Each structure stands twice: as structure tokens, then as C-alpha cells.
Amino acid sequence: MKVQELFEGKKPQRGGEIVKPHPYSVKLTFKGAGKTFPALKGDIYEKDVVIGTFSRKKVVDGYVPPIEYKFKSSQAKARFNDFADSLSIEETIEALLPL
Numbered sequence: 506m507k508v509q510e511l512f513e514g515k516k517p518q519r520g521g522e523i524v525k526p527h528p529y530s531v532k533l534t535f536k537g538a539g540k541t542f543p544a545l546k547g548d549i550y551e552k553d554v555v556i557g558t559f560s561r562k563k564v565v566d567g568y569v570p571p572i573e574y575k576f577k578s579s580q581a582k583a584r585f586n587d588f589a590d591s592l593s594i595e596e597t598i599e600a601l602l603p604l
């Protein structure tokens, strides 16, 4: 079984259920210069609907500022927070960023 098949939900994991794709994604609208932690701006999507925005300022003197986010509604924030489970919202946004 290939890893891609697990993410596409084709076969169940050992001892588990079929992996279902999640409805969340992030799309960058701005990516600054820098290799490790560039400045970022983007949108948070649930399916094809924008539910929030996020940004991170550029690194200054080795300090990496946190990702700041704003959701369009408290319900959207609550759904995204439920999806994040044990991760923080900032960590989840960073995990969803395209490579």
C-alpha cells in the first residue's frame, strides 16, 4: 500500500478506518524573500469558501514572529479548531502550507 493511497482514502489503515480527505486548505497570496521563515499572507479555505486570513511578518534578528489569523465568523473558527484537534491553530495553518 502506498502512502498516497492512504491520503486519498482508498484503503483502510491497519486497525483503522478509511482515511477521509479533509475540507481545509490554505492558499498563499504573498510570500516574501527568505528560505526558512519568509513573510506570508494568505487565505484559509473550507472546501472552496474563504473562512479566514493569516499572515506572518518577516524574521527580525533571528526572531520568527507567530502566524496571526482572523476568521470571518466564530463558527468557522470553532470548526477549524475542532479540525486542529491537539495542535494550535497556528501549527495547523503551518502544516497546511504548500511546500
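Our numbering runs 505 ahead of the 1-based position in the sequence shown. We treat Cβ as the ideally placed atom computed from N, Cα and C, and that holds for glycine. These figures come from a predicted structure and were not determined experimentally.
Beta-carbon proximity list for residue i, same chain, < 6 Å, skipping 5 on both sides
i	result
L533	G547
P528	E551 and K552
F535	K546
A589	T597
T558	D548 and K575
Short Cβ contact (8 Å threshold) for residue i with residue j
i	j	result
Y574	I556	no
Residue i: CB within 7 Å of a non-hydrogen atom of the ligand NAP
i	result
V531	Within the structure as shown, the ligand NAP is missing, as the structure has no ligands at all.
Cβ shell of residue i (< 7 Å), same chain only, five flanking positions each side left out
i	result
S530	Y550 and L601
P570	R561 and K562
Selection from the options that minimises the alpha carbon distance to residue i
i	options	result
E595	I572, K562, G539 and K563	I572
V554	K540, S591, Y568 and F585	F585
Supposed close pair residue i, residue j - CB separation, criterion 8 Å
i	j	result
K562	A538	That belief does not hold up - the Cβ atoms of K562 and A538 are roughly 13 Å apart, past 8 Å.
V564	F542	5 Å
Close beta carbons around residue i, own chain, < 8 Å, minus the five adjacent residues each side
i	result
L592	A600
S578	I556
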